[in-house]
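Structure first, then comments.
Number of protein chains: 2
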Amino acid sequence: MTSAELSKIEQKKADKRRRLLEAALELFAERGFHGTAVPLVAERAGISAGSVYRFFESKEALVNAVFRDAKTRLASALSDLQLDEDPKRTFDDLWARLVRFAREDPTAFHFLELQDHAPYLDDESRALEMQVLTPIAAACAELQRRGTFRADVPMDVVLACIWGAFVGLFKAERHGYLSLDEARVHQARDACFNAFAAR
Amino acid sequence: MTSAELSKIEQKKADKRRRLLEAALELFAERGFHGTAVPLVAERAGISAGSVYRFFESKEALVNAVFRDAKTRLASALSDLQLDEDPKRTFDDLWARLVRFAREDPTAFHFLELQDHAPYLDDESRALEMQVLTPIAAACAELQRRGTFRADVPMDVVLACIWGAFVGLFKAERHGYLSLDEARVHQARDACFNAFAAR
DNA sequence: AGCCAAAGAATGAATATTCATTCATTTCAT
DNA sequence: ATGAAATGAATGAATATTCATTCTTTGGCT
């Protein structure tokens, strides 16, 4: 067996794994963990039910892998946030990255929104929760330090409100209450900024 | 049979129904619909598994009843919102009512947050979704009409952000990211107001 | 009142179904 | 031809729902 052939097989295997993760992401996002049957995931991924267990030792292991995958993608969308001279730019950059993730990976966004803090997530998955908040918190903290954001409102409150508003915005769009063009996304962004801007 | 005796039995039956709805609310909020076994709900309600079906024809019918119950309570917490002379007062009243509901009925709040738009909700339950948004939308619309809120940001966006921020705030508290005293709740309220206040 | 038969409510074991997981068999690549 | 990979029917545990039985209440009768 040549190394080229080996890699071909590895590639095929990796591809199946990817399809499996994607199918699971879609179905879990749509119907929840307990509401999704493993054979259905297998079918959507184009593999047999039995083969699922060649990749993941249990349904729980699968959902944790899906979670880590999605969370990691979100975290990397927020990594290397630039702290610009102009504080508003810093905020705009943060917001733009969030929007980009929600637009480019809407299923992952939906999944993370639903499965957060679920009891079937293991410790390693739990640990990842922070990793996303950290860069957002850092950006907000910097805005506070510079006096752009009011210093009297605790970090936690700022974060919860901004993140909540963002999630609410895209959830409303998903449910058809709302259609978000770029102008509206910018209005919402500026509203969130103004909410905590020092006067 | 006297009417007093009749009412005693009716009362007992109504009491069981209430316990059943409450147990279901708690468990569904905690573990989700598919993650909750009917016999467990029965046990927590202090009745037998079989008796559940004397009250509700199926698990789906049960979850829909729970949903309507919770949604109705939230709706009534927002009914008769006062439109004060002072626009800020109107907003503060709205916010205070939301806080009151989230504090007095946290399980219902949590449940509604999770089960919104779930596929097992029927048309009647879906119809109720609006009922809650309506008074909030009316209050915000009035604030826009009076020029307190900027008129260039669409209603939908204002609503989604404020509701999202509110939910995010209490979700963060539930997850232990945050502890909310009255001062912080007021800060968040004022931040939401400022977010959309005309300058 | 006090008793009794009929109706109704409640029970929880039994049933039917669904679903995660396993494994004997087949397919495929080398 | 051989071993790894894949399959999907078989397994068994879990679970929604049913139903034969038990218990409670009711309302007529003396």
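Just so you know, the protein sequences line up as chains B and F, in that order. Each residue of the first sequence is one higher than the one before, starting from 1 at the first, in this note's numbering. Each residue of the second sequence is one higher than the one before, starting from 200 at the first, in this note's numbering. C-beta atoms are modelled at their ideal positions from N, C-alpha and C, and glycine is treated no differently.
Helix, strand or coil, according to DSSP, for F392/F in the structure here?
DSSP places F392/F in the helix class (H, G or I) of the three-state scheme.
At the 7 Å Cβ level, is F266/F part of the contact set with chain B, yes or no?
So no, F266/F is outside the interface.
At what residue ranges does the region 203-282 of chain F contain a whole run of the alpha helix (DSSP H), taking only runs of 4 or more?
Runs of alpha helix (DSSP H) with 4 or more residues, each lying fully within the region 203-282 of chain F, are found at 237-244, 248-254, 258-277, listed in chain order.
So, are the CB atoms of Q115/B and V352/F less than 7 Å apart?
V352/F is positioned such that its CB atom lies no closer than 7 Å to that of Q115/B.
Beta-carbon proximity check, G168/B vs G249/F, cutoff 7 Å:
No, they are not a contact pair.
Any beta-carbon of chain F closer than 7 Å to the one on A195/B?
Under the Cβ criterion of 7 Å, A195/B is counted among the residues facing chain F.
Who are the near neighbours of E259/F in its chain, counting only those whose CB is closer than 6 Å to its CB and skipping five residues on each side?
Here the set comprises Y319.
Report all residues from its chain with a CB closer than 7 Å to the CB of L98/B; omit the five preceding and five following residues, and keep chain order.
Cβ within range, chain order: F166.
Given 8 Å, three or more beta-carbon pairs between the region 125-141 of chain B and the region 37-46 of chain B:
The answer is no - the region 37-46 of chain B does not touch the region 125-141 of chain B, with fewer than three Cβ pairs under 8 Å.
Is it a yes or a no for the region 272-284 of chain F touching the region 293-313 of chain F, going by three-plus beta-carbon pairs under 8 Å?
Of all C-beta pairs linking the region 272-284 of chain F to the region 293-313 of chain F, three or more are shorter than 8 Å, placing the two stretches in contact.
Distance between beta carbons of H233/F and G35/B, contact taken as under 8 Å
Their Cβ separation, rounded to whole angstroms, is 4 Å, which keeps G35/B and H233/F in contact under 8 Å.
Give me the chain F residues within the contact set of W163/B, using Cβ-Cβ distance strictly less than 7 Å, ordered along the chain.
Proximity of chain F to W163/B at the Cβ level (cut-off 7 Å) is accounted for by G367, in chain order.
Uninterrupted alpha helix (DSSP H) stretches inside the region 108-165 of chain B (no shorter than 4 residues)
Counting whole runs of 4 or more residues, the region 108-165 of chain B contains the alpha helix (DSSP H) stretches 123-145.
With a threshold of 16 other CB atoms inside 10 Å of the CB of L20/B, please say whether the residue is buried or exposed.
Classification for L20/B: buried.
At a CB distance below 9 Å, what residues from the region 21-40 of chain B approach chain F? Give them in sequence order.
Identification of residues in the region 21-40 of chain B having a C-beta nearer than 9 Å to some C-beta of chain F yields E30, R31, G32, F33, H34, G35, T36, given in sequence order.
Just to make sure I have the definition right: I need the residues of chain B whose C-beta is within less than 7 Å of the C-beta of A387/F. Which are they?
Listed by position along chain B, the residues whose Cβ is nearer than 7 Å to that of A387/F are V157, C161.
Do the region 131-140 of chain B and the region 332-351 of chain F make contact, defined as three or more Cβ pairs closer than 8 Å?
Not touching, per the Cβ criterion.
Is R150/B near the ligand ADP, judged by its Cβ being under 6 Å from some heavy atom?
The ligand ADP is not part of this structure, which contains no ligands at all.
Three Cβ pairs or more, each shorter than 8 Å: is that satisfied between the region 52-70 of chain B and the region 25-33 of chain B?
Yes, the region 52-70 of chain B is in contact with the region 25-33 of chain B.
Taking 7 Å as the limit between beta carbons, can you name the residues of its chain near R272/F, skipping five residues before and five after?
Answer for R272/F: D304, A307, listed in chain order.
By the 10 Å Cβ neighbour count, where 16 or more other Cβ atoms means buried, how is Q210/F classified, buried or exposed?
Residue burial is scored here from C-beta neighbours: Q210/F has fewer than 16 other C-beta atoms within 10 angstroms and is therefore classed as exposed.
Whole-angstrom distance between V132/B and D69/B, CA atom to CA atom
C-alpha separation (whole angstroms): 13 Å.
So, using beta-carbon positions, are F55/B and R100/B closer together than 7 Å?
The beta carbons of F55/B and R100/B sit no closer together than 7 Å.
Whose C-beta lies closer than 7 Å to the C-beta of P87/B among residues of the same chain, with five residues either side of it excluded?
Beyond the five residues adjoining it in sequence on each side, P87/B comes within less than 7 Å, by CB distance, of L143, R146, T148 in the same chain, given in chain order.
Compare the Cα-Cα distances from A228/F to each of A118/B, A183/B, A195/B, D122/B and report the closest residue.
Considering only alpha carbons, the answer is A118/B.
Is R199/B buried or exposed, if buried means 16 or more other CB atoms sit within 10 Å of its CB?
With fewer than 16 other Cβ atoms within 10 Å, it is exposed.
Go to D93/B, then tell me how far its alpha helix (DSSP H) extends in each direction, as first and last residue.
Counting along the chain, the alpha helix (DSSP H) containing D93/B begins and ends at 87-104.
Within chain B, the residues that A326/F reaches when beta carbons sit closer than 9 Å
Those within 9 Å of A326/F in chain B number zero; the least Cβ separation is about 14 Å.
In the region 306-330 of chain F, which residues sit with their C-beta less than 9 Å from some C-beta in chain B, listed in chain order?
Answer in chain order: L313, D315, H316, A317, P318, Y319, E328.
L98/B: contacting residues in chain F (beta-carbon distance under 7 Å)
The contacting residues do not exist; L98/B stays about 13 Å from chain F at best.
For G176/B, the three-state DSSP class (helix, strand or coil):
Residue state, collapsed to three classes: coil.
Between V153/B and chain F, is there a C-beta pair that is closer than 7 Å?
With 7 Å as the cut-off, V153/B counts as an interface residue toward chain F.
Less than 8 Å between C-beta atoms, sequence neighbours within five positions excluded: which residues of the same chain meet that for M155/B?
The beta carbon of M155/B is closer than 8 Å to those of A137, C140, A141, Q144 in its chain, skipping five residues each way along the sequence.
Cut-off 7 Å between Cβ atoms - residues of its own chain near F395/F, not counting five sequence neighbours on either side
Its chain contains F348, R349, V352, V357 as the residues whose beta carbon lies nearer than 7 Å to that of F395/F, once the 5 sequence neighbours on both sides are disregarded; these appear in chain order.
Indicate the three-state DSSP secondary structure (helix, strand or coil) for A198/B in the structure shown.
Here A198/B sits in coil by DSSP.
Excluding five sequence neighbours on each side, which residues of the same chain lie with their C-beta closer than 6 Å to the C-beta of P238/F?
Once the five neighbours on either side are set aside, the close Cβ partners of P238/F are A248.
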